[in-house]
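Here is the structure we will look at, set down as structure tokens.
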Amino acid sequence: PSRILPPLLLLLLLAPGPTAPCSPPQPNATHFVCTEPTLSTFPAGLPPTTLAVSVEFTALATLLPTALAGLPRLQELHLSSNRLATLPEPLLRPVPTLRVLDLMDNLLADLPTGIFTAAGHLQHLVLRGNRLQALQPAWFRHLPRLQWLDLADNALTEVPPAIFHPLSSLHSLDLSHNRLATLAPDALAGLRVLERLDLEGNQLGTLLPAVFAPTPALRLLFLQDNKLQTLPTGVFVPLRHLHVLDLSGNRLQALELPPGTMLDLDISGNPWACECPLLMLLRQAAPQLTASRNTLCASPAHRRGQEVAAVSRAGDTGC
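Under mature numbering (1 follows the signal peptide of the UniProt record, and there is no 0), residues -21 to -1, 1 to 298 are what the sequence shown spells out, in order.
Now the structure itself:
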């Protein structure tokens, strides 16, 4: 579930591609696709009718500030799997109606401060698989319509407080496979309509008690493969609409759950203490446990190796 793709416009899939890689488009063409591995310069001369451009899996390493000049109707720009290490700050100024920007799997270690100043219509931004080490607040100040933000597979070590606050329309935030060891108290401030948050594969050792208070609409939360040892009491209480919670592959012995929801829950790969607090919680909340065969007791000794679900259902636990 943590690999669900965004509902992009996918205009590129609705029209036939050119007959050969990088063949010149027709004068009134609306789509341009190029996947020529040897391409090293962004194609020039695209018609002003162009709505979607895909230049992917090429040797493209640089873009001129004027690369998108003359494309006032551009809505989608796909530049994934190239060799881009930097972007010119004025790049997006000629394309004010841009809605989708995909920069996945490039070499970007930073972005210009004002790169998105003129991109107020942007809805989907994919920066997955780059080398970003820090987030700049200026990137997100002018993106009130952004719905999907993918920052996975970078080298981020922190989420500055309230950095996402301007993103009042954001529905999905992917921060998986970074180097986050903690989340600041206001790391998620302003994300009132956020429905999906992916924090898989970081280094989170703990969570602050109120970290999810700003995200009451959250429906899917992925926290697997971190270093969580304990969960603060009530940490999930604000999440009354949560439907999927993945806590697998951590170091948890005790569990916290959101109140009164029909929950798909993965807690496999943790050293659970199969004692009354855990067993009673599971019995009362009755979540739908996935991967139950890998959800095992680590203690007490007489229950070690038994399935948590089976123990919680048993009538002779003494709880």
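Quick reminder that beta carbons are idealized off the backbone N, C-alpha and C, glycines included.
Using the beta-carbon count (16 or more within 10 Å), is residue i buried or exposed?
i	result
C298	exposed
A46	buried
R282	buried
L114	buried
R219	exposed
L86	exposed
P193	buried
Q203	buried
T29	buried
C13	buried
Q126	buried
A270	exposed
Q31	Sequence check: residue 31 is Ala here, not Gln. The residue in question, A31, is buried, as its Cβ has 16 or more Cβ neighbours within 10 Å.
N205	buried
S278	exposed
T212	exposed
T92	exposed
N61	buried
R110	exposed
D16	Residue identity check: residue 16 is Pro in the sequence provided, not Asp. The residue in question, P16, is exposed, as its Cβ has fewer than 16 Cβ neighbours within 10 Å.
Roughly how many whole angstroms lie between the Cα atoms of residue i and residue j?
i	j	result
T9	C1	14 Å
L154	P188	20 Å
A88	L66	10 Å
Q285	N273	10 Å
residue 315	P26	As displayed, the chain neither begins before -21 nor continues past 298, which places residue 315 out of reach and without an answer.
F21	E55	15 Å
R52	Q112	33 Å
L167	D225	19 Å
L260	L236	8 Å
L(-8)	L186	Any answer about L(-8) is weak, because its pLDDT of 43 lies below 50 and its placement is not dependable; what the coordinates show is given next. In a straight line, the C-alpha of L(-8) is about 43 Å away from that of L186.
T240	L221	7 Å
N249	P256	16 Å
V79	F95	12 Å
G99	A23	25 Å
P4	S19	18 Å
Q102	H57	14 Å
L199	F215	12 Å
Identify, in the order they occur along the chain, each residue of the same chain with its Cβ nearer than 7 Å to the Cβ of residue i, setting aside the five sequence neighbours on each side.
i	result
A97	L71, R72, P75
V290	C253, L258, C276, R282, T296
A141	D165, A168, G169
F119	I142, F143, P145, L146
R262	S291
Which one or two residues does DSSP pair with residue i in a beta bridge?
i	result
T269	D245
H103	V79, W127
E55	A31, V79
S60	Paired residue(s): none; S60 is not in a bridge.
E286	L275
D177	D153, F201
F11	V32
Once you ignore the five residues that flank residue i on each side, which residues in its own chain have a CB closer than 8 Å to its CB?
i	result
R158	A134, L135, T136, N181, Q182
V172	S147, S148, L149, H150, A196
Can you list, in chain order, the residues of its chain with a C-beta nearer than 6 Å to that of residue i? Leave out the 5 residues immediately preceding and following it.
i	result
D132	R107, G108, H156
L43	none
P129	Correcting the residue identity first, residue 129 is Asp in this sequence and not Pro. Around D129: V105, R107, D153.
A264	L236
E179	S(-20), S155, F201, Q203, D204
S59	E35, D81, M83, D84
D245	D225, S227, T269, A270
Does any heavy atom of the ligand MG sit closer than 7 Å to the C-beta of residue i?
i	result
N181	Inclusion of the ligand MG in the displayed structure is not the case, the ligand content being empty and no account of it being possible.
Pick out the complete alpha helix (DSSP H) segments inside the segment 187 to 224, 4 residues or longer, and give them in chain order.
Runs of the alpha helix (DSSP H) lying entirely within the segment 187 to 224, each at least 4 residues long, are absent.
Contiguous alpha helix (DSSP H) assignments of at least 4 residues, all confined to the segment 105 to 175:
Runs found: none.
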